[in-house]
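Colleague: Throughout the sequence shown, residue numbering follows UniProt numbering, covering 1 to 140 in sequence. Quick one: the structure is below, and I'll ask about it shortly.
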Amino acid sequence: MNKSLLFMTCVLLAGCASQPPKSQVTPLTPAPAPVAAQTPPAPQQPESQPFSAASESTNSMATCRKELDALKHYGPKTYSRYAAEMDALSAKTGKYLALKDGMTPELNDIVITMYQSQIKTLCFRIQSSLGKLIIEQAGG
């Protein structure tokens, strides 16, 4: 439970402190940030945008956690493997957060982007595995 809370905190902080990474991987859900960029900038928009990014990050992390929990029922071995990966990533993120304040903003941006990428990749793998297992169980 503490690791989950630490992981969620890391994701929240990462969402508030970084720019969206330029990735060659297509995101699972369309990001609301480009829509906000097309509208004329309002004076309060820079303040509200990090909160929406943090909220989106929290929602996607909660979805990822639910999908991981669902793997318990469909593939216990797969669940164990991904749970161990999630715990290891949470531990690494916790170490980084302990040292974050002593780093330059540029380095923080790079490291946060790296952790966000690792989290998104792991969540995509969890979602894919869950989908395959559900289809296999349905007889597909």
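Quick reminder that beta carbons are idealized off the backbone N, C-alpha and C, glycines included. The structure displayed is predicted, hence computed values, not measured ones.
#1: Excluding five sequence neighbours on each side, which residues of the same chain lie with their C-beta closer than 8 Å to the C-beta of Arg125?
#2: Using CA coordinates, which residue listed in Gln127, Leu68, Asn59 is at the minimum distance from Met86?
#3: For the alpha helix (DSSP H) containing Ala84, list its first residue and its last residue.
#4: So, Tyr74 versus Tyr96, is the Cβ gap smaller than 8 Å?
#5: May I have the straight-line CA-CA distance separating Thr63 from Ser117, to the nearest angstrom?
Modeller: Let me spell this out:
#1: As a first step, residue 125 must be located in the sequence shown, where it is residue number 125. The answer, listed in chain order, is Tyr82.
#2: The sequence position of residue 86 within the sequence shown is 86, counting from 1. Just measuring C-alpha positions, the residue of Gln127, Leu68, Asn59 sitting nearest Met86 is Leu68.
#3: In the sequence shown, counting from the first residue as 1, residue 84 sits at position 84. Here the alpha helix (DSSP H) through Ala84 covers 76-99.
#4: Mapped onto the sequence shown, residue 74 falls at position 74. Mapped onto the sequence shown, residue 96 falls at position 96. For Tyr74 and Tyr96, no; Cβs fall outside 8 Å.
#5: On the sequence shown, residue 63 is found 63 positions in, with the first residue counted as 1. On the sequence shown, residue 117 is found 117 positions in, with the first residue counted as 1. Going by the C-alpha atoms only, they are around 16 Å apart.
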